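Chains as they are written, first to last, in our numbering: chain A, 5 to 248; chain B, 5 to 248. Every residue gets a Cβ at the ideal spot worked out from N, C-alpha and C, and that includes glycine. A quick note: this is a predicted structure, and the numbers were derived from the prediction, not measured. Single-structure report; data block below.
Number of protein chains: 2
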Amino acid sequence: MRYLLTVSYDGTNYGGWQRQKNTITVQERMEDALNAVFHQNIKTEAASRTDAGVHALGQRVCFSLADCKIPIYKIPLVLNGYLPDDITVTAAEPVDDCFSPRFQALEKIYQYNIWHDKYPNPLIRHNSVFFPYYLDIVSMKQAAKAFEGKHDFAAFRAAGSSALTTVREIYECGVLENGSMITIKVRGSGFLYNMVRIIAGTIIEAGQGKTPAEAIPEIIRSRDRTRAGRTMPPHGLTLIEIKY
Amino acid sequence: MRYLLTVSYDGTNYGGWQRQKNTITVQERMEDALNAVFHQNIKTEAASRTDAGVHALGQRVCFSLADCKIPIYKIPLVLNGYLPDDITVTAAEPVDDCFSPRFQALEKIYQYNIWHDKYPNPLIRHNSVFFPYYLDIVSMKQAAKAFEGKHDFAAFRAAGSSALTTVREIYECGVLENGSMITIKVRGSGFLYNMVRIIAGTIIEAGQGKTPAEAIPEIIRSRDRTRAGRTMPPHGLTLIEIKY
C-alpha cells in the first residue's frame, strides 16, 4: 500500500525538506517517526523539496508499506506522537502504488509574508521578513499580475538549477495587505528552484519603484537571471497547498 | 526626564516580565539594553507584569534619565540594537516625572488565541493553545458578553493574589472566529492576577457546554475561584494595548 500524508512544519530549525548529511532535515524526522511506528526502513518522497528555513502548511509526503496494521484515519495521530512539535501530520490517504506526489502535482500554492512596518514584530519573526522601507502596494499588485500566464521563467530560477524545462504556468499571483502584513500569494503548475522567492524579490522592487510592472514581461522574455529581483530570504515563504 | 516605551515581545523564552533570580526575564533584558545605551543603572517599571510565556505587542515600560543625549525618536532604534530578536521597542515618548505606567493605565486590551482544529499548527504553536475538542462559538460569544460591566472578579483571580480591591470593569469581551483560529478579546480597566486566563478557561467551558452563559453572573457573584473555569496556559495570551 502507498500512502499520501499532508504535513505542516515550522522550517526554522531544519536544513529544509531533503535529507542531508550535516544538518537535521524534515525528511529525516519524518522517516524516523515512520520507522518508529512501522518498524520498517521507510523512504519518503515529498511533493516539494522546500529549502532550509521555508515553512509548510500543506506539504505532501508519500511512503509505501507492505502491511499497515493501523487504521488509516489514525496514522496522523500516531505519527504526531513520534514527531517534534514543529512538524505535524494533518491527513493520510491511500494512493496508487505508482503515485508520485512530486510529478503528479497539478497545482502548488505558496505565500510570501512581509512585515512592512517601522519596527519588527517579534511574534511573527520566524514567519515573515521585516521590511521597513517604502513600498507602493498598487505597484506591487500590478507587478504580481504581470507574472500570471504560461511563461519561460528562466530569469526567475537560481543559477545552476537543472530543470528539464523552464516553462511554468502561474494561474494567479496577487498581493494582499492586512494591517502591516503584506502577503504575496502565488498559485501555479509548479515552480523552479527559488522561483517564488525571486518573484517576491521582483514584486518588492516594483513596490520600491525600482522595477516598473511594465518592465516585467521584458524581464521574463530576457531569460536573464540578473534582470530579475533578488532572492528573498527563506523564512518568509510558506508552502500552503498542493493539488492533484 | 522620564520616558514611556512601547514594547513587543515573544514571551516563549522568558520567565515573564518581572526580574527574578533564577530565570531570564524581559525586564532584565530591557534594563541590560538601557544600561548599555545610557551607561547608567536604569530601573524600569512596566504597565503589566506579564507571566512566564505570555506575549506582548503593546507593553508599556517607563524609565527615568538625568540627561538623554539621544533624540527621542531614535531611542527605539538604538535600544533594538542591544535587544535580542524576541524583544522590540516600537515607540518612545516623554512623560511626567511622576508618571506610573502601571497605576495610570486607563484601559488594557488582551487577546487569547485558541487553535481549534483536529491537528496542531506548528507555525503558531508558541502563540496559541491547541484545542481539538468540540466548541460551540455561539455559546462562547454569549459567555463572553456576560463578563462585560463592573463586577467583583474575586472568583477570577489566582488563589493567593493580593490586590487591594477585586472590582474591575470589563468594557468589552468578545469572541472572534477566523478559520480554525478562535480569539477571545478582552478590554477592561485592569485585570487581577491570571484573570484573563481564567475568563478564557470559563468561556471555553461554555463552548464545551459545561458552563452555560446564564450561569456566569452567579459564578461572578459567588466570589468563589472553584466555580470559575480553569486557568488557560500562558502562551495563548498576548497583551495587545494599554491606553492612558
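query	result
Out of B:Phe107, B:Phe195, B:Thr16, point me to the one whose CA is closest to Ile128 (chain B)'s CA.	B:Thr16
Cβ closer than 8 Å: which chain A residues qualify as neighbours of Tyr7 (chain B)?	Chain A residues near Tyr7 (chain B): none, gap ~16 Å exceeds 8 Å.
Does the beta carbon of His59 (chain A) come closer than 8 Å to any beta carbon on chain B?	yes
Give, in chain order, every unbroken run of the beta strand (DSSP E) that is at least 3 residues long and sits entirely within the region 141-201 of chain A.	153-156, 171-182, 185-192
Beta-carbon separation of Ser52 (chain B) and Leu243 (chain B) under 8 Å?	yes
Establish whether the CB of Ile91 (chain A) and some CB of chain B are separated by less than 8 Å.	yes
Is any beta-carbon of chain A found at less than 8 Å from that of Arg33 (chain B)?	no
Give me the residue from B:Ile113, B:Lys149, B:Gly205 with the minimum Cα distance to Glu245 (chain B).	B:Ile113
Is the beta carbon of Ala50 (chain A) closer than 8 Å to that of Arg64 (chain A)?	yes
Which of the three DSSP states is assigned to Phe134 (chain B) in this structure?	strand
Hey, out of B:Phe135, B:Lys247, B:Ala162, whose CA is closest to Gln1 (chain B)'s CA?	Nothing in the structure corresponds to residue 1 (chain B), since chain B is present only between 5 and 248.
Output needed for Ile220 (chain B): all residues of its chain with C-beta closer than 8 Å, excluding positions within five of it in sequence on either side, in chain order.	Ala147, Ala150, Phe151, Thr206, Ala210
Would you check if there are 3 or more beta carbon pairs closer than 8 Å linking the region 9-24 of chain A to the region 52-61 of chain A?	yes
Starting from Ile76 (chain A), trace the alpha helix (DSSP H) both ways and give me its first and last residue.	Looking at the DSSP string, Ile76 (chain A) is not in any alpha helix (DSSP H), and its letter there is neither H nor E.
For Arg229 (chain A) and Lys247 (chain A), I'd like the C-alpha separation in whole angstroms.	29 Å
Residues in its own chain within less than 8 Å of Thr235 (chain A) by CB, not counting five upstream and five downstream?	Ala162, Asn198, Arg201, Ile202, Gly205
Hey, would you say Glu83 (chain B) sits closer than 8 Å to Leu38 (chain B), going by beta carbons?	For clarity, residue 83 (chain B) is Leu in the given sequence; the question names Glu instead. Yes.
With a threshold of 8 Å between beta-carbons, can Leu127 (chain A) be considered close to chain B, or not?	yes
Identify, in the order they occur along the chain, each residue of the same chain with its Cβ nearer than 8 Å to the Cβ of Leu110 (chain B), setting aside the five sequence neighbours on each side.	Ser193, Lys247, Tyr248
Going by Cα to Cα distance, which pick from B:Glu35, B:Lys189, B:Glu181 is closest to Ser119 (chain B)?	Checking the sequence shown, residue 119 (chain B) turns out to be Trp, not Ser. Nearest C-alpha to Trp119 (chain B): B:Glu181.
Would you mind sorting Ala158 (chain A) into buried or exposed? The rule is 16 or more other CB atoms within 10 Å of its CB.	buried
Since Val30 (chain B) is in the beta strand (DSSP E), which residue starts that stretch and which ends it?	Careful: Val30 (chain B) lies outside any beta strand (DSSP E), inside the alpha helix (DSSP H) at 30-42.
Mapping the DSSP letters down to three states, classify Asn117 (chain B) as helix, strand or coil.	strand
Verify whether the separation of the beta carbon atoms of Asp121 (chain A) and Ser184 (chain A) is less than 8 Å.	yes
Using Cβ-Cβ distances below 8 Å, what residues of the region 65-85 of chain A are close to chain B?	Pro80, Asn84
Drop a sphere of 10 angstroms on the beta-carbon of Gln12 (chain A), count the other beta-carbons inside from all chains shown, and report buried for 16 or more, exposed for fewer.	With the sequence shown as reference, residue 12 (chain A) is identified as Ser, and Gln is not the correct amino acid for it. It is buried - the Cβ of Ser12 (chain A) has at least 16 other Cβ atoms within 10 Å.
Considering Cα atoms alone, identify which of A:Tyr123, A:Tyr77, A:Asp156, A:Gln44 is closest to Ser226 (chain A).	A:Asp156
Thinking Gly240 (chain A) and Tyr116 (chain A) are a contact (beta carbons under 8 Å), I'd like their distance in whole angstroms, please.	5 Å
First and last residue of the alpha helix (DSSP H) that includes Ser226 (chain B)?	220-226
Let me confirm a value: Cys177 (chain B) is counted as buried when at least 16 other C-beta atoms fall within 10 Å, else exposed. Which label applies?	buried
Beta-carbon separation of Ser165 (chain A) and Leu196 (chain A) under 8 Å?	yes
Within 8 Å of any Cβ in chain B, is that where the Cβ of Ile36 (chain A) sits?	Note that residue 36 (chain A) is Asp in the sequence shown here, rather than Ile. Judged by the 8 Å Cβ criterion, Asp36 (chain A) is not in contact with chain B.
So with CB distances below 8 Å, who are the chain B contacts of Asp14 (chain A)?	Pro126, Leu127, Arg129
Closest to Ala40 (chain A) by CA distance: which of A:Ala167, A:Phe160, A:Val142, A:Tyr86 is it?	A:Tyr86
Would you tell me roughly how many angstroms separate the C-alpha atoms of Asp90 (chain A) and Ile79 (chain A), rounded to the nearest one?	18 Å
Could you please give the first and the last residue of the uninterrupted beta strand (DSSP E) stretch that includes Thr235 (chain B)?	Taken as a continuous stretch (DSSP letters only), Thr235 (chain B) belongs to no beta strand (DSSP E), as it is neither H nor E.
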